[in-house]
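Residue numbers (the working numbering): 1 to 224.
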Amino acid sequence: MTATLPSPGASGLEPPEPLKPLRALRLRSGRTDLRLAAGVGLVVLSVVLGSRLVAAADDRVEVWSLQSSLSAGSVLRADDLVLARAALDDPAAYLPSDQDVEGMVLQRDVGAGELLPASAVGEGRGGDRRLVTLPVDPLHAPPALARGERVDVWVTPSDGASPAGPGAVPELVLSGALVADPGAGDASGLTDQVGVVLDVAAADAERAVAAARAGDVDLVRVGG
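Written as structure tokens, this is what we have:
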């Protein structure tokens, strides 16, 4: 007599569960999909941000900037200028790199590294101007005096009426004179004095020349 095994449905018993490994596989697959999606999202975000940065960089324009500080009245030279790239709200307010600004005159003080506004330059020095050279002892001038700075000119008289000495009183001859050239020493070695060239109004030229001959000249830097 042959024994017959009952079918799973007939006995009412549930079949064993061989699906647990499949569930674990699905969970791992789900986590992998999330990581993949996150990675793709980061790549897309990087591309978008990179594109925006490139677009912002493309918005920059080349304009002129000053290499060192210059005071109003200074005549611009090639070595005063440096190119700068900047994103500007109003590019027309600044001098573009394709504009020749050499020889133009500053109408106001401009600091080192400052972009050069169109409103800060003009075609002339404004008014009747003169260049006057003053002989100055190096110890009677500010250290590292540079073109475009301003100085007060003091003179200690050395004429017969007011001999230079402990009792001599210095006199302020010019206030805020523009340094056109800080000068150089005498190459011949005959004197230690330096010829400092000042840009002054025509009305002040006589006083500047008189100062050069009246006695010892001291230059005092205006500002920092």
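In this text, a Cβ means the ideal position worked out from N, Cα and C, and glycines have one as well.
> Can you tell which of Val63, Pro157, Pro138 has its C-alpha closest to the C-alpha of Ala87?
Replying inline: Counting from one through the sequence shown, the residue named residue 87 turns up at place 87. Out of Val63, Pro157, Pro138, Val63 has the C-alpha closest to the C-alpha of Ala87.
> What do you reckon, are the CB atoms on Arg130 and Pro182 nearer than 8 Å?
Replying inline: Along the sequence shown, one-based indexing puts residue 130 at 130. Along the sequence shown, one-based indexing puts residue 182 at 182. No, these two residues do not count as a Cβ contact at 8 Å.
>> What ranges does the beta strand (DSSP E) occupy inside the segment 108-187, keeping only unbroken runs of at least 3 residues that lie completely in it?
In response: 129-136, 150-157, 171-181
> Does the beta-carbon distance from Val136 to Leu219 come in below 8 Å?
Replying inline: Numbered from its first residue, the sequence shown carries residue 136 at position 136. Numbered from its first residue, the sequence shown carries residue 219 at position 219. Against a cut-off of 8 Å, the Cβ pair of Leu219 and Val136 comes out as a contact.
> Is the Cβ-Cβ distance between Gly223 and Arg150 less than 8 Å?
Replying inline: Here the question's residue 223 lines up with position 223 in the sequence shown. Here the question's residue 150 lines up with position 150 in the sequence shown. It is a contact, given that the beta carbons lie within the stated cut-off.
> In terms of DSSP beta bridges, what is Gly215 paired with?
Replying inline: By 1-based counting over the sequence shown, the position of residue 215 is 215. BP columns for Gly215 point to Pro157.
>> With distance defined between alpha-carbon atoms, name the residue in Trp154, Val132, Gln193, Val48 nearest to Leu139.
In response: Numbered from 1 along the sequence shown, position 139 holds the residue referred to as residue 139. Of Trp154, Val132, Gln193, Val48, the residue nearest in Cα terms is Gln193.
> Where Val133 and Ala201 are concerned, what is the direct C-alpha to C-alpha distance, given to the nearest angstrom?
Replying inline: Counted from its first residue, the sequence shown places residue 133 at position 133. Counted from its first residue, the sequence shown places residue 201 at position 201. Note on residue identity: the sequence assigns Thr, not Val, to residue 133. Using only the alpha carbons, I get a separation of about 14 Å.
> If you count every other CB in all the chains shown that lies within 10 Å of the CB of Leu198, and 16 or more means buried, which is it?
Replying inline: The residue labelled residue 198 in the question sits at position 198 within the sequence shown. The residue is buried, with at least 16 neighbouring Cβ atoms inside 10 Å.
> If we ignore side chains and look at the alpha-carbon of each, how far apart do Ala84 and Ser74 end up?
Replying inline: In the sequence shown, the residue the question calls residue 84 occupies position 84. In the sequence shown, the residue the question calls residue 74 occupies position 74. C-alpha separation (whole angstroms): 21 Å.
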